[in-house]
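Everything below concerns the one structure shown next.
Dropping the structure here:
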């Protein structure tokens, strides 16, 4: 074969052939008389070596540049997740996928260049056997594409290091490898047979392409949702879970404890599920209707949510500016409501605590918790006990007990959201409510009590006779810009506090307590951002009747005392009786 100097392309092609001849002579001892079968093997080895040798820098530089550009542009554009996320995690999130794409790009470029330079001469030297090289290259490229479809989902894993990712990638591709191996065996068999009958070569690419295409479609169908995801979505979810586990660990909560669920039943078919995390009531089934709004899993109660079903403490409701004075000592609590006031015991209150389970007996469960001195700023070591009892009289009774080693304040309640039409009902407007109260505590525009009381006569707050919630909820919300009812009712005394009836289901709930006050809250801050049990909770989709001491009671001497002294046991109870 003779080559003459000509264009730059000819000189480059001539150089490539000289390189090929050098490898043939030095590494495979092929010189002069040319063995076409050994030459075919040698060409494949040379091709593979050159592909690997050139692909490493090409793909590494290309993938790194792509990933850096992708992350940098999104950080500059302030895309969600790319600013708050560690840069290395974000880079890694995109590097693996960029690597797969650049491998494919390089494979195509390499095949085109190699074929333009050497393929005509290889076919001329090897005859019929040389013609199998092009289909073989096409098949190799299909293999790369095929494996890439399997590896794309695993490249979005961010809880693993580089080695673990590769290991996971290998095992994920195992099923494909078996299929691919069978296809390659078929290819080899057809190749051998083609030595005796040349036209058989024409069937090889077609048969393999059909088989590979079918399998690739199956893979795409299975993994397309994962492949379409922005890797940062999964990264943010991983980081959220990691941070949540760290937060729980800082509170001494094991992940396994947050997933425990207990069920209470009575002989009439009522049943209730609760979890130690926040003493949360997850569900309450009455006459086949779950009347308690809730979240998807027990673990979700350790995350931020609108206090669905949880025990609230140390102090339920608000404390003005998070400050109070007790026995001449000034205390300052966390200002977790808009940075101004203290609400429901703080961001790590009793609702985010994993309580110990004391006793479980059919329809009764006891939860225990010890809150150390200084917890959320409160004085004294407080021992709290909450007991849920589901009786055969269709009564859910909640008993609250608290004692301390140092004078402190305490106000415990349960923050369950009810909807007697079912947790998935649209709103509570049709519920008929009766409250045994003649006045409410007056509040300012940020719902802090002024110390005065308002007679409910002639106001939207008058429920001394049954009224539907929806009839005057807008007017009630306009009084303090609350968006609905969010007010403390001054109860007349121990016994019946309220009654709620849902005409649609015929379920009636009667509330009794020895607490002096009760907060009527109509889910004014539910805005469609919270989901649970397959439902998106909208404004006014549930109501709360929180029996309690008065809000900010420690700062108002004319309010019932919330002080607990050493040696005393603070005891309150609430009963929810259901009839249908």
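Residue numbers (our numbering): 117 to 696. Here a beta-carbon is modelled for each residue, glycine too, at the ideal position from N, C-alpha and C.
Check, Outcome
"For residue 666 and residue 380, what's the separation of their Cα atoms in angstroms?", "31 Å"
"Any idea what DSSP makes of residue 558, helix, strand or coil?", "strand"
"From residue 510 to residue 400, what does the alpha carbon distance come to, in whole angstroms?", "11 Å"
"If we ignore side chains and look at the alpha-carbon of each, how far apart do residue 700 and residue 426 end up?", "As displayed, the chain neither begins before 117 nor continues past 696, which places residue 700 out of reach and without an answer."
"Quick check on the DSSP output: what are the complete beta strand (DSSP E) runs of length 3 or more inside the stretch 403-462, in order along the chain?", "439-442 and 445-448"
"Can you tell me whether residue 604 is helix, strand or coil according to DSSP?", "strand"
"In angstroms with no decimal places, state the Cα-to-Cα distance between residue 680 and residue 498.", "9 Å"
"Spatial neighbours of residue 422 within its chain, please: C-beta separation below 7 Å, excluding the five flanking residues on both sides.", "641, 642 and 646"
"Helix or strand or just coil, what does DSSP make of residue 641?", "coil"
"Given that a residue counts as buried once 16 or more other Cβ atoms are within 10 Å of its Cβ, and exposed if not, what is residue 479?", "buried"
"What are the start and end residues of the beta strand (DSSP E) that includes residue 391?", "387-391"
"Three or more beta-carbon pairs under 8 Å between the stretch 654-673 and the stretch 427-444, yes or no?", "yes"
"Please classify residue 628 as buried or exposed, where buried requires at least 16 neighbouring CB atoms within 10 angstroms.", "buried"
"Taking its Cβ as the centre, do 16 or more other Cβ atoms sit within 10 Å of residue 68, making it buried, or is it exposed?", "For residue 68 there is no data in the structure shown, the boundaries of the chain being 117 and 696."
"Using a threshold of 7 Å, state whether the C-beta atoms of residue 428 and residue 547 are closer than that.", "no"
"Which residue wins for smallest C-alpha separation from residue 618, given the options 562, 584, 430 and 520?", "584"
"Rounded to whole angstroms, what is the Cα-Cα separation between residue 557 and residue 572?", "10 Å"
"Can you check whether the CB of residue 458 is closer than 7 Å to the CB of residue 435?", "yes"
"Looking at C-alpha atoms only, which residue of 648, 463 and 581 is the closest neighbour of residue 414?", "648"
"May I have the straight-line CA-CA distance separating residue 708 from residue 688, to the nearest angstrom?", "Nothing in the structure corresponds to residue 708, since the chain is present only between 117 and 696."
"Grab me the residues of residue 489's own chain with a C-beta within less than 6 Å of its C-beta, minus the 5 sequence neighbours each way, in chain order.", "496 and 497"
"How should residue 616 be labelled, buried or exposed, when 16 other C-beta atoms within 10 angstroms of its C-beta is the threshold for buried?", "buried"
"So for residue 489, helix, strand or coil by DSSP?", "coil"
"What are the residues that DSSP puts in a beta bridge with residue 524?", "680"
"Straight-line CA distance for residue 587 to residue 450?", "37 Å"
"Taking Cβ positions, are residue 660 and residue 516 nearer each other than 7 Å?", "no"
"Would residue 527 be called buried (16 or more neighbouring beta carbons within 10 Å of its own) or exposed?", "buried"
"Is it buried or exposed, residue 177, if we count other Cβ atoms within 10 angstroms and call 16 or more buried?", "exposed"
"Are there any heavy atoms of the ligand FMN lying less than 6 Å away from the beta-carbon of residue 691, as far as the coordinates show?", "Ligands in the displayed structure: none, and consequently the ligand FMN is not present."
"For the stretch 577-634, list the beta strand (DSSP E) runs that are entirely contained and at least 3 residues long, ordered along the chain.", "602-607, 611-618 and 623-629"
"Could you round the C-beta distance between residue 626 and residue 693 to whole angstroms and report it? I think they count as a contact, below 8 Å.", "4 Å"
"So is residue 446 buried or exposed if we call it buried at 16+ other beta carbons inside 10 Å?", "exposed"
"Under a three-way DSSP split, which group does residue 506 fall into?", "strand"
"If you measure between the beta carbons of residue 652 and residue 529, is that distance less than 7 Å?", "no"
"Residue 503: which of 631, 483 and 491 sits nearest, CA to CA?", "483"
"Please state whether the Cβ-Cβ distance between residue 545 and residue 602 is less than 7 Å.", "no"
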